[in-house]
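>
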Amino acid sequence: MRLVIAEGSAILRAGLAHVLGDQGHELVAAVHDVRVLPALVDTHRPDVLISNVRLAPTWNDEGVGAALAARGSHPGTGVLLFSAAPEPQHVARLFGSDGAGLGYLLQDRMTDADEVVGALSQVASGGTVVDPRMVGALAARATGRGAAEEATPDALASLSERELEVLSLMAQGRTNSAIAERLIVSAGTVEKRVAAVFDKLAIPGSPADNRRVLAVLRYLAAHQGRIGGNPLVKPVTGRAPATVDIARERRRRMLSRAA
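Position in the sequence shown (from 1) plus 1488 gives the number in my numbering.
1. Should HIS1578 go down as buried or exposed, given a rule of 16 or more other Cβ atoms within 10 Å for buried?
2. Is the beta carbon of ALA1703 closer than 8 Å to that of LEU1657?
3. The beta strand (DSSP E) with GLY1566 in it runs from where to where?
4. Near GLU1575, which residues of its chain fall below 7 Å by C-beta distance, leaving aside the five closest residues on each side in sequence?
5. What's the gap between the Cα of GLY1496 and the Cα of LEU1568?
6. Whole-angstrom Cβ separation of MET1456 and ALA1612, contact assumed at under 8 Å?
7. Just the C-alpha distance for VAL1678 and ILE1672, rounded to the nearest angstrom, thanks.
8. Based on Cα-Cα distance, which residue from HIS1520, ALA1544, HIS1513 and ALA1659 lies nearest to ARG1700?
9. Compute the beta-carbon to beta-carbon distance between ALA1544 and VAL1522, rounded to the nearest angstrom, for a pair I have assumed lies under 8 Å.
10. Tell me the DSSP bridge mates of GLU1514?
11. What's the call for GLU1638, buried or exposed, on a 16-neighbour Cβ count within 10 Å?
12. Distance check for LEU1593 and ALA1601, CA to CA, integer angstroms please.
13. In this structure, how does DSSP classify ALA1544 when only helix, strand and coil are distinguished?
14. Helix, strand or coil for GLY1591 per DSSP?
15. Note down the Cα distance separating GLY1560 from VAL1529, rounded to an integer number of angstroms.
Next up, the structure:
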């Protein structure tokens, strides 16, 4: 797949470029300044944009804006964002309108080559990748309760079959109108079911929170990334391999040094 990398650390940029090139992917650009990204995306039409949340020139949240701009100009462009620490407001912006082909990881995940490659594959195919620590941060902020309590199937037990069906389609990035068309119901019916989901999951309607995003992430966390055995979202989790893969370990160490 064609990739554009936006990362402030030259060493991490080079490490990611080397690892992904070894996997057969085409890196068309690797930059640190958000101001050059629109032209690069227009020219190269990458399959996935990999970007740190914080980029030059201000090192604030330029990566989120660049991701949204890329999606707006070229719908279908995959985005894999990462940040050093959980920042729920950035996830809310990223997933605010369409969750398909999006990913958000914490930066320490970017030091594991296999995790990065797996996340890219999910995003490029229209899937969703969310670091479970981010899901926990969002759930805790939304309810004031522990993330572990919220990230269980029991959290969805109060939903009716129809409400759960609507929520599952929301998790696929579908809008209310698309859900109505899929279920052959009116837009008003979908709106009522969405409102019921918010109420039953006790997701507050404050200006600081995107209720749709919070509901979807709660659903993804509860189902551990699988609905009916088919991958829907891939929450990245650490794995302890039974044997040591020398090539993988070399790549991991290189990226760890870069980070």
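Virtual Cβ for every residue (Gly too), placed ideally from N, Cα, C.
In this text, all values refer to a predicted model and were calculated from it rather than measured experimentally.
Per the coordinate set shown:
1. buried
2. no
3. 1566 to 1571
4. VAL1541
5. 15 Å
6. Only positions 1489 to 1747 of the chain appear in this structure, which leaves residue 1456 out of reach.
7. 10 Å
8. ALA1659
9. 7 Å
10. ARG1490
11. With a pLDDT of 45 at GLU1638, under the threshold of 50, the predicted position of this residue should be treated as unreliable, and no value is reported.
12. 13 Å
13. strand
14. strand
15. 11 Å
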